[in-house]
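First residue of the first sequence: 319, per the numbering used here; consecutive thereafter.
Built from N, CA and C at the ideal position, the CB exists for glycine as well.
Quick caveat: nothing in here was measured; it's all calculated off a predicted structure.
Contents: one structure, followed by commentary.
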Amino acid sequence: MTLTPILARMSADMSVRVRYAPSPTGEPHVGNIRTALFNWLFARHEGGAFIVRLEDTDQARYEEGAERAIFESLAWLGLDYDEGPDPSDISRDIGDRGPYVQSRRRDTYRRHADQLIEAGHAYRCYCPAERLDQVRKDLQRRKLPPKYDRHCRDLPDPPGAEQRLESEGLPCVVRFRTPLSGQTAFHDLIRGDIMFQNDTLDDFVLMKSDGFPVYHLASVVDDRLMGISHVLRGDEWLSSTPRHVLLYQAFDWEPPAFAHLPMILGPDRSKLSKRHGDTAVLEFRERGFLPEALLNFLGLLGWSLDDRTEIIDRETFVRSFGLERVLANPAVFNFDKLTWMNGVYIRELAEEALADRISPVLESRLGTSVDRGLLRRVVPLIRERIKLLTEAVEMAGFFFVEGELDYGEETLLGKKFAGDPGAAAHALEAVLGRVSALQPWEHGALEGAIRPLAEELDLKTGALFGLIRVAVTGSTAAPPLFETMAVLGRERSLERLRSALRRLGP
RNA sequence: GCCCCCAUAGUCUAGCGGCCCAGGACGCCACCCUUUCAAGGUGGAGAUCGCGGGUUCGAAUCCCGCUGGGGGCACCA
319 MTLTPILARM SADMSVRVRY APSPTGEPHV GNIRTALFNW LFARHEGGAF IVRLEDTDQA
379 RYEEGAERAI FESLAWLGLD YDEGPDPSDI SRDIGDRGPY VQSRRRDTYR RHADQLIEAG
439 HAYRCYCPAE RLDQVRKDLQ RRKLPPKYDR HCRDLPDPPG AEQRLESEGL PCVVRFRTPL
499 SGQTAFHDLI RGDIMFQNDT LDDFVLMKSD GFPVYHLASV VDDRLMGISH VLRGDEWLSS
559 TPRHVLLYQA FDWEPPAFAH LPMILGPDRS KLSKRHGDTA VLEFRERGFL PEALLNFLGL
619 LGWSLDDRTE IIDRETFVRS FGLERVLANP AVFNFDKLTW MNGVYIRELA EEALADRISP
679 VLESRLGTSV DRGLLRRVVP LIRERIKLLT EAVEMAGFFF VEGELDYGEE TLLGKKFAGD
739 PGAAAHALEA VLGRVSALQP WEHGALEGAI RPLAEELDLK TGALFGLIRV AVTGSTAAPP
799 LFETMAVLGR ERSLERLRSA LRRLGP
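Written as structure tokens, this is what we have:
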């Protein structure tokens with residue numbers, strides 16, 4: 319009876335707890351969400367908890383609506399979390415180790431900063447920004463590392479000096495008193511043992527003058543208070559990890575396990591960012607990517623199942639994922655491969671399911687409502703022809719629009735009838751004559767009626783079919799002709815053939 | 001400038017001392033299928049495993065150096 323809570327606590331302490339800690343400074347991009355994915359996979363594989371924490375301690379960089387984009391990106395990819403802000407109301411929490419929004423934890427950070435000051439691990443710094451800039455510039459000009467010169471580290475001794483400065487209204491920051499010598503080492507689950515000389519570090523800021531903490535303090539305090547067992551984050555954090563380890567030591571806390579994930583690079587091999595184009599997660603949704611395809615692709619950036627498996631579903635990922643197979647080297651985001659993979663997923667989707675995905679895309683792009691029955695018949699014609707949902711617009715939009723199609727005479731005539739509109743008109747008339755009263759109006763009958771016509775007109779089948787194709791679809795690339803005409807229906811097909819004829823003039 | 005990380009084809013990767021004069025995938029090329037476009041099938045080009053030293057009977061695999069690339073060095077995260 320007394321054992322139960324102890325055992326429960328022990329297993330809770332030993333269980334895996336990981337977090338995704340984005341800051342609401344914009345829409346999450348794919349590199350960022352890959353970190354979320356690996357955290358999620360690790361948590362799910364280990365049967366641990368996946369926690370989301372909003373790191374909104376930079377008022378200047380805050381962007382309106384960023385939280386919504388974060389939650390939407392996670393939801394779109396199906397990365398559910400166990401603890402974090404309530405997406406429907408950020409002022410509320412899911413889970414009992416919150417708040418999960420750092421701006422609501424300010425007194426916690428203040429308390430911990432004070433604690434460090436009292437213990438002699440931190441101090442107040444009154445240097446104005448201009449002085450810091452000056453110092454930094456000087457050092458850079460002298461080709462020296464741009465570090466804070468520790469001007470306030472040991473301020474004039476008279477007791478009360480600090481208070482005096484404060485009462486004079488001087489703003490101050492709190493800095494960490496970094497050891498001047500020695501080294502700080504830690505183990506990275508992906509890279510092994512890493513060591514830094516303390517004298518290469520400087521007295522970094524813990525609390526800003528606006529009362530907000532800086533990342534280093536906030537994340538360490540939160541990771542500790544939230545019971546984070548493993549910190550899986552991007553490689554760009556590797557060089558600030560010694561600072562974090564030093565903080566854990568100053569607090570006399572056991573640090574979590576660290577694993578620095580390889581970064582995702584743009585085509586120019588620099589860290590992926592907005593300037594590489596459309597890298598925002600939700601932008602991929604706009605462009606017609608399937609979340610399961612993006613997830614599959616991202617899961618394979620820096621991790622692999624074996625030497626040949628490319629298509630991996632969510633369950634297999636969860637079952638197989640492990641840090642042992644995470645690579646240390648960065649990966650360039652290969653857009654072509656993602657697009658190919660998206661095509662694979664589209665083809666694997668059941669027709670009904672694919673119709674569900676395509677319908678809203680068509681409706682928003684075409685600006686009309688899409689008839690479900692018609693769409694259901696169109697899907698089998700295009701599913702092997704599109705790699706992106708948005709391609710359904712070009713490939714099959716003509717099924718859903720009324721009125722004249724938008725194409726020019728040059729397209730209609732193509733190479734085969736170039737300069738000879740008379741012959742094209744003649745062929746179209748022949749087709750109309752042959753097909754107007756055709757019974758039944760279906761694929762086989764249409765082909766049976768039109769194919770022989772080519773020979774009768776002394777035309778290549780390709781030439782005749784091509785002409786009809788443009789007339790009926792408005793494009794030279796479309797689904798198979800007779801199926802298309804069958805689905806489009808007699809009236810609309812004939813109408814479009816007549817329209818093409820009219821364009822060729824008398 | 002200093003610190004740290006990384007290094008197999010254009011790209012993503014397999015490889016953890018002999019099975020590899022290196023396997024898979026995207027992309028590319030050719031052919032087949034074919035009414036266009038795709039999808040599919042077959043075949044192909046493409047890597048002196050960044051370079052140089054070691055260790056070892058034997059190295060893509062271990063060690064060292066170099067070079068190259070990336071990241072960090074804010075009152076940003």
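Selection from the options that minimises the alpha carbon distance to residue i
i    : options                : result
S622 : L608, A646, S591       : A646
D654 : K705, P698, R675       : K705
A367 : P342, T343, Y399       : Y399
E364 : R371, Y441, R335       : R335
P585 : L457, D432, V650       : V650
I388 : E601, R561, S333       : E601
T794 : P464, D724, L392, P531 : D724
G545 : I369, E809, D404, L777 : I369
V539 : G784, E572, K465, D528 : E572
F639 : G617, D625, T802, T627 : G617
S333 : P574, R675, E385       : P574
A781 : S547, E813, D738       : D738
Contact set for residue i: own chain, Cβ-Cβ below 7 Å, skip 5 residues either direction
i    : result
A741 : F735
L806 : F717, V790
F774 : The sequence given here places Glu at residue 774; Phe does not occur at that position. Excluding residues within five positions, none has a Cβ falling inside 7 Å.
F800 : H761, L764, E765
T559 : F504, F576
Own chain, CB closer than 8 Å to residue i, minus 5 neighbours either side, in chain order
i    : result
L579 : R352, T353, F356, I508, L550, R551, G552, D553, G620, V644
L656 : F607, A611, L612, F615
R603 : W394, P609
R605 : D596, L706, T708
E715 : For the sequence presented, residue 715 should be read as Gly rather than Glu. Here the set comprises L680, R683, L684.
R752 : A767, I768, L771
Cα-Cα separation, residue i to residue j
i    : j    : result
H594 : L583 : 9 Å
I629 : Q452 : 54 Å
E681 : G762 : 31 Å
R632 : E610 : 8 Å
E702 : E709 : 11 Å
M713 : T343 : 37 Å
D467 : F504 : 26 Å
C445 : R454 : 13 Å
L699 : A361 : 41 Å
A748 : L771 : 8 Å
T779 : R769 : 7 Å
L488 : R683 : 57 Å
H562 : R542 : 11 Å
A598 : L785 : 41 Å
D776 : R665 : 38 Å
L819 : R808 : 16 Å
G383 : P340 : 13 Å
N350 : D414 : 26 Å
D432 : P417 : 20 Å
Buried or exposed (CB count within 10 angstroms, at least 16 for buried), residue i
i    : result
P648 : buried
A668 : exposed
S811 : buried
H347 : buried
T729 : exposed
L822 : buried
S754 : exposed
H534 : buried
T322 : Because the pLDDT at T322 is just 40, under 50, the model does not fix this residue reliably, and the value given afterwards should be weighed accordingly. T322 should be labelled exposed.
T518 : exposed
L392 : buried
L462 : exposed
D472 : exposed
A804 : buried
P678 : exposed
L498 : exposed
S687 : exposed
P758 : exposed
Contacts around residue i, its chain only, beta-carbon distance under 6 Å, and the 5 residues preceding and following it disregarded
i    : result
L556 : H578
K589 : M581
R449 : none
*Okay, do the region 519-528 and the region 487-501 touch, 3+ Cβ pairs below 8 Å being the bar?*
yes
*Any chance the region 705-724 sits against the region 742-760, with 3 or more Cβ pairs inside 8 Å?*
no
*asked:* Tell me whether the region 403-418 and the region 510-521 touch, counting them as touching only if at least three CB pairs, one residue from each stretch, are closer than 8 Å.
replied: no
*asked:* Does the contact criterion of 3 or more C-beta pairs under 8 Å hold for the region 560-569 versus the region 434-444?
replied: yes
_Cβ contact (3+ pairs, closer than 8 Å) linking the region 651-668 and the region 750-762_ = no
_Assess contact between the region 370-378 and the region 416-426, defined as three or more Cβ pairs (one per stretch) separated by less than 8 Å. Is contact present?_
yes
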